[in-house]
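The next block holds one structure in the form of structure tokens; read it before the comments.
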Amino acid sequence: MGALTTRMQKSLLDRVETLRTDDSLWQDFASAWAGEGGKAFADPEALCADCLQQDPLDLLQRILNVAPKLGNVAAATPARTNRLREVAIGLCLLACERYIRDECTAIGAVAASDGMLIGASHHLAAAVIAAVWCEKGVKLRFDPQAREAAAVNVLPQHVAPLEYGFQGDRDCARAELLAVVNAAMADLAVFDRPLRLAEIRKRGLPSDRVLKRALDQYEEDQGTRLMFGLQTRDPHPMDDPALRSEFATQFGVPTFFYDAATCGRLQDAEADAWKGLQADLLHYLENLFQLIYPLQEAKSMLALEDMHFQVALSFAGEHRPYVREVALLLTQELTKEAVFYDYHFKSQTAVPDADLVLQRIYHDQSDLVVVFLGGNYQGKEWCGLEWRAVRDLIKKRDGKRIMFFRFDDKPVDGVFSLDLAIDCGEHSPAEAAKLISERLQVTPRKP
Numbered sequence: 001m002g003a004l005t006t007r008m009q010k011s012l013l014d015r016v017e018t019l020r021t022d023d024s025l026w027q028d029f030a031s032a033w034a035g036e037g038g039k040a041f042a043d044p045e046a047l048c049a050d051c052l053q054q055d056p057l058d059l060l061q062r063i064l065n066v067a068p069k070l071g072n073v074a075a076a077t078p079a080r081t082n083r084l085r086e087v088a089i090g091l092c093l094l095a096c097e098r099y100i101r102d103e104c105t106a107i108g109a110v111a112a113s114d115g116m117l118i119g120a121s122h123h124l125a126a127a128v129i130a131a132v133w134c135e136k137g138v139k140l141r142f143d144p145q146a147r148e149a150a151a152v153n154v155l156p157q158h159v160a161p162l163e164y165g166f167q168g169d170r171d172c173a174r175a176e177l178l179a180v181v182n183a184a185m186a187d188l189a190v191f192d193r194p195l196r197l198a199e200i201r202k203r204g205l206p207s208d209r210v211l212k213r214a215l216d217q218y219e220e221d222q223g224t225r226l227m228f229g230l231q232t233r234d235p236h237p238m239d240d241p242a243l244r245s246e247f248a249t250q251f252g253v254p255t256f257f258y259d260a261a262t263c264g265r266l267q268d269a270e271a272d273a274w275k276g277l278q279a280d281l282l283h284y285l286e287n288l289f290q291l292i293y294p295l296q297e298a299k300s301m302l303a304l305e306d307m308h309f310q311v312a313l314s315f316a317g318e319h320r321p322y323v324r325e326v327a328l329l330l331t332q333e334l335t336k337e338a339v340f341y342d343y344h345f346k347s348q349t350a351v352p353d354a355d356l357v358l359q360r361i362y363h364d365q366s367d368l369v370v371v372f373l374g375g376n377y378q379g380k381e382w383c384g385l386e387w388r389a390v391r392d393l394i395k396k397r398d399g400k401r402i403m404f405f406r407f408d409d410k411p412v413d414g415v416f417s418l419d420l421a422i423d424c425g426e427h428s429p430a431e432a433a434k435l436i437s438e439r440l441q442v443t444p445r446k447p
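Here the sequence shown is numbered in UniProt numbering, starting from 1 and rising by one per residue.
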């Protein structure tokens with residue numbers, strides 16, 4: 001096969017080669033693919049070369065035909081089969097890239113520093129078109145609960161507000177970039193923008209040289225470059241052509257405009273052409289995600305008093321941004337029903353005897369109780385109720401079911417210097433979640 005020329009082509013080959021290292025998954029894929037096309041490929045390069053020879057619409061339809069089989073395999077064994085989904089997404093993006101190039105011949109290319117006007121109203125279509133246009137790539141993530149996909153390498157149209165202490169458009173845009181880069185070091189799926197911006201404000205913005213290196217590392221890890229995607233006419237730093245050009249050339253971060261941000265800037269014929277292209281792309285992209293992430297049969301929710309949790313989290317409200325990330329990571333690993341995090345059970349804790357409900361959860365219904373100490377934890381009404389259950393476990397010498405984290409050194413009744421606690425200031429939420437997961441492996445189930 002000749003040299004692959006685009007980022008999406010190279011990304012697909014990387015995904016297929018990774019899949020090829022798992023014989024079982026590769027056989028599942030090869031069998032499903034051959035069943036639709038009548039031809040099996042033992043070599044990833046041969047598969048990619050064949051896809052480049054096919055008409056893009058024929059390839060897109062073939063991908064949709066095989067997607068239900070891949071989705072069923074992935075649903076049956078979710079621990080290993082994200083690689084199957086990634087190959088399906090890569091194939092779809094490759095075909096979309098070729099289709100976009102064919103359809104956009106009349107529109108012509110523009111320099112990324114000039115800002116790309118994309119007459120699409122849907123963020124997913126706009127992101128894929130922009131990725132093809134400026135050749136920066138795109139990384140898509142599907143939210144199974146919301147049942148929608150989004151481009152994680154496209155920054156939201158808002159930037160760091162001045163109340164975070166970043167002065168001037170340039171620093172606001174740099175902070176927004178760094179917040180996403182820092183989130184990617186843990187897990188972009190639990191990106192908490194206010195928390196990341198607050199962390200950056202506390203430490204201070206690094207130099208342009210360090211930011212450029214961080215962006216390069218993000219690109220190496222994620223396979224895509226960050227982009228600004230502006231959807232509205234609201235003021236934004238990248239409205240400034242000089243700043244837009246600087247970020248595109250110095251940091252390799254382009255900007256594209258879509259939806260309301262293009263109003264009055266496109267001819268009617270151009271707008272109609274974009275509208276038609278968007279509809280075509282979404283037909284394949286959205287159907288693909290629905291098929292490779294089949295909707296599971298809804299589980300009937302147990303009454304809270306009948307549930308058993310592997311871990312229950314107790315914390316003061318001011319520490320919610322940190323604990324929320326921990327909770328999201330744990331639920332991804334253990335399932336939502338295995339982790340007691342108050343906001344996930346609002347409907348069942350909004351009852352007159354909520355105090356008794358919570359005490360039973362922490363005392364009787366959880367294998368491991370994780371307590372995030374700090375601030376006025378003990379003085380908080382609900383924390384105080386939860387703490388009574390924890391103290392009784394200590395009294396009964398059931399301390400192996402308790403794990404302490406600390407945000408500061410403020411004293412708490414019943415906790416002494418010998419009771420070691422993990423310092424939240426030294427561990428990110430992702431690291432805290434990993435430590436909790438490790439502790440669960442040696443924590444016996446609550447009888």
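Glycine included, every Cβ here is placed at the ideal spot set by N, Cα and C.
Item checked: 8 Å contact criterion, which L211 and L155 should meet: CB distance rounded -> Position 211 of the sequence shown holds residue 211. Position 155 of the sequence shown holds residue 155. Rounded, the Cβ-Cβ distance is 14 Å, inconsistent with contact.
Check: How about L368 and R401: do their beta carbons lie closer than 9 Å?
Finding: As a position in the sequence shown, residue 368 is number 368, starting the count at 1. As a position in the sequence shown, residue 401 is number 401, starting the count at 1. Result yes, Cβ atoms of L368 and R401 sit closer than 9 Å.
Note to self: Using a 10 Å radius around the Cβ and a threshold of 16 neighbouring Cβ atoms, would you call P144 buried or exposed?
What the structure shows: Looking up residue 144 in the sequence shown gives position 144. Exposed is the call here.
Check: Looking at C-alpha atoms only, which residue of I89, G119 and V442 is the closest neighbour of K139?
Finding: For the purposes of this step, residue 139 is taken as the residue at position 139 of the sequence shown. Taking only the C-alpha atoms, the option nearest K139 is I89.
Checklist line | Alpha-carbon to alpha-carbon, E246 and A175 | finding: Counted from its first residue, the sequence shown places residue 175 at position 175. Counted from its first residue, the sequence shown places residue 246 at position 246. Near 15 Å, if we compare the C-alpha coordinates of E246 and A175.
Notebook entry, point to check: With DSSP run on the structure shown, which of helix, strand or coil describes L277?
Noted result: Counted from its first residue, the sequence shown places residue 277 at position 277. Of the three classes helix, strand and coil, the one that applies to L277 here is helix, per DSSP.
Notebook entry, point to check: Does the segment 8 to 19 come close enough to the segment 31 to 46 to have 3 or more Cβ pairs within less than 8 Å?
Noted result: The answer is yes - the segment 31 to 46 touches the segment 8 to 19, with three or more Cβ pairs under 8 Å.
Next item on the list: Leaving aside the five residues before and after Q348 along the sequence, list all residues of the same chain whose C-beta is less than 6 Å from its C-beta, in chain order.
Entry: Indexing the sequence shown from 1 puts residue 348 at position 348. Shown here for Q348: same chain residues with a beta carbon closer than 6 Å to its own, the five before and five after excluded, namely L304 in chain order.
Next item on the list: Apply the 10 Å Cβ neighbour rule to T262 and answer buried if 16 or more other Cβ atoms are within range, or exposed otherwise.
Entry: For the purposes of this step, residue 262 is identified with residue 262 of the sequence shown, where counting begins at 1. A residue is called buried once 16 or more other Cβ atoms fall within 10 Å of its Cβ, and T262 is buried on that count.
Checklist line | Straight-line gap, R147 to A271 (C-alpha atoms, nearest Å) | finding: As a working mapping, residue 147 is identified with position 147 in the sequence shown. As a working mapping, residue 271 is identified with position 271 in the sequence shown. One C-alpha to the other measures close to 28 Å.
Item checked: Assigned secondary structure, V370 (DSSP; H/G/I helix, E/B strand, else coil) -> Looking up residue 370 in the sequence shown gives position 370. V370: strand per DSSP, three-state reduction.
Margin query: For a test of the three-state rule: what should DSSP assign to L64, helix, strand or coil?
Written below: On the sequence shown, residue 64 is found 64 positions in, with the first residue counted as 1. L64: helix per DSSP, three-state reduction.
Next item on the list: Measuring alpha carbon to alpha carbon, tell me which of F340, E199, P352 and W133 ends up nearest V311.
Entry: In the sequence shown, residue 311 corresponds to position 311, counting from 1. Of the candidates F340, E199, P352 and W133, the one whose C-alpha sits nearest the C-alpha of V311 is F340.
Check: Which one or two residues does DSSP pair with Y258 in a beta bridge?
Finding: Your numbering for residue 258 matches position 258 in the sequence shown. Secondary-structure assignment with DSSP links Y258 through a beta bridge to I118.
Margin query: Quick check on the burial criterion: 16 or more other C-beta atoms within 10 angstroms. Buried or exposed for L420?
Written below: Here the question's residue 420 lines up with position 420 in the sequence shown. The residue is exposed, with fewer than 16 neighbouring Cβ atoms inside 10 Å.
Note to self: According to DSSP, is V154 part of a helix, a strand, or is it coil?
What the structure shows: Here the question's residue 154 lines up with position 154 in the sequence shown. Residue state, collapsed to three classes: strand.
Check: Mapping DSSP to helix, strand and coil, what is F404?
Finding: As a position in the sequence shown, residue 404 is number 404, starting the count at 1. Correct three-state label for F404: strand.
Check: Is Y377 near K410, with beta carbons less than 9 Å apart?
Finding: The residue given as residue 377 occupies position 377 in the sequence shown. The residue given as residue 410 occupies position 410 in the sequence shown. In this structure, Y377 lies near K410, with their beta-carbon atoms less than 9 Å apart.
Notebook entry, point to check: CB-CB under 6 Å to S121, same chain, minus the five flanking residues each way: which ones, in chain order?
Noted result: Working through the sequence shown from its first residue, we reach residue 121 at position 121. Its chain contains D259 as the residues whose beta carbon lies nearer than 6 Å to that of S121, once the 5 sequence neighbours on both sides are disregarded; these appear in chain order.
Notebook entry, point to check: Could you check where the alpha helix (DSSP H) with M8 kicks off and where it finishes?
Noted result: Start at 1 with the first residue of the sequence shown, and residue 8 comes out as number 8. For M8, the enclosing alpha helix (DSSP H) begins and ends at R7 to R20.
Next item on the list: Per DSSP, which residues does V339 bridge with? Please list them.
Entry: If you number the sequence shown from 1, residue 339 lands on position 339. V311.
Margin query: Short of 6 Å in beta carbon distance, which residues of its chain neighbour S366, apart from the five on each side in sequence? Order them along the chain.
Written below: Within the sequence shown, numbered from 1, the residue matching residue 366 stands at position 366. Its chain contains F309 and A312 as the residues whose beta carbon lies nearer than 6 Å to that of S366, once the 5 sequence neighbours on both sides are disregarded; these appear in chain order.
Checklist line | Unbroken alpha helix (DSSP H) run spanning G35, endpoints | finding: Start at 1 with the first residue of the sequence shown, and residue 35 comes out as number 35. Run containing G35: D23 to G37, per the alpha helix (DSSP H) assignment.
Next item on the list: On the DSSP bridge assignment, give the partners of I422 in chain order.
Entry: Indexing the sequence shown from 1 puts residue 422 at position 422. Beta-bridge partners assigned by DSSP to I422: F405.
Notebook entry, point to check: Using the beta-carbon count (16 or more within 10 Å), is H123 buried or exposed?
Noted result: If you number the sequence shown from 1, residue 123 lands on position 123. By the Cβ-count criterion, H123 is buried, with 16 or more other Cβ atoms from all chains shown falling within 10 Å of its own Cβ.
Next item on the list: Have a look at A432 and E386 and give me their C-alpha separation to the nearest angstrom.
Entry: Numbered from 1 along the sequence shown, position 432 holds the residue referred to as residue 432. Numbered from 1 along the sequence shown, position 386 holds the residue referred to as residue 386. Roughly 21 Å between the two C-alpha positions.
Note to self: Measuring only the C-alpha atoms, how far is V442 from M403?
What the structure shows: Taking the first residue of the sequence shown as 1, we reach residue 442 at position 442. Taking the first residue of the sequence shown as 1, we reach residue 403 at position 403. Taking the CA atoms as reference points, V442 sits about 12 Å from M403.
Next item on the list: Identify which residue in H319, A95 and G374 has its Cα closest to the Cα of L12.
Entry: Taking the sequence shown and counting its residues from 1, one reaches residue 12 at position 12. Nearest to L12 by alpha-carbon distance, out of H319, A95 and G374, is A95.
Check: Going by beta carbon distance, what residues of the same chain come within less than 7 Å of C104, once the five residues before and after it are set aside?
Finding: For the purposes of this step, residue 104 is taken as the residue at position 104 of the sequence shown. When the five nearest sequence neighbours on each side are left out, no beta carbon in the same chain lies closer than 7 Å to the beta carbon of C104.
Next item on the list: Give the range of the beta strand (DSSP E) segment to which D143 is assigned.
Entry: Along the sequence shown, read from residue 1 onward, the residue named residue 143 stands at position 143. Note, D143: beta strand (DSSP E), L140 to D143.
Notebook entry, point to check: Cα separation between P447 and K69?
Noted result: Taking the sequence shown and counting its residues from 1, the one referred to as residue 447 is at position 447. Taking the sequence shown and counting its residues from 1, the one referred to as residue 69 is at position 69. Distance between the alpha carbons of P447 and K69: 41 Å.
Note to self: So for F247, helix, strand or coil by DSSP?
What the structure shows: Looking up residue 247 in the sequence shown gives position 247. Three-state DSSP puts F247 in a helix.
Next item on the list: Please list, in chain order, all residues of the same chain as A67 whose beta carbon is under 7 Å from its beta carbon, the five residues on each side excluded.
Entry: Here residue 67 refers to the residue found at position 67 when the sequence shown is read from its first residue. Contacts found: A88, L288, L291 and I292.
Notebook entry, point to check: Residue range of the alpha helix (DSSP H) that L266 falls in?
Noted result: Working through the sequence shown from its first residue, we reach residue 266 at position 266. Here L266 belongs to no alpha helix (DSSP H), and DSSP marks it neither H nor E.
Next item on the list: On the DSSP bridge assignment, give the partners of F345 in chain order.
Entry: Indexing the sequence shown from 1 puts residue 345 at position 345. F345 is not bridged to any residue.
Check: For F356, does the count of other Cβ atoms within 10 angstroms reach 16, so buried, or fall short, so exposed?
Finding: Counting from one through the sequence shown, the residue named residue 356 turns up at place 356. According to the sequence displayed, residue 356 carries Leu and not Phe. Its Cβ having fewer than 16 others within 10 Å, L356 is exposed.
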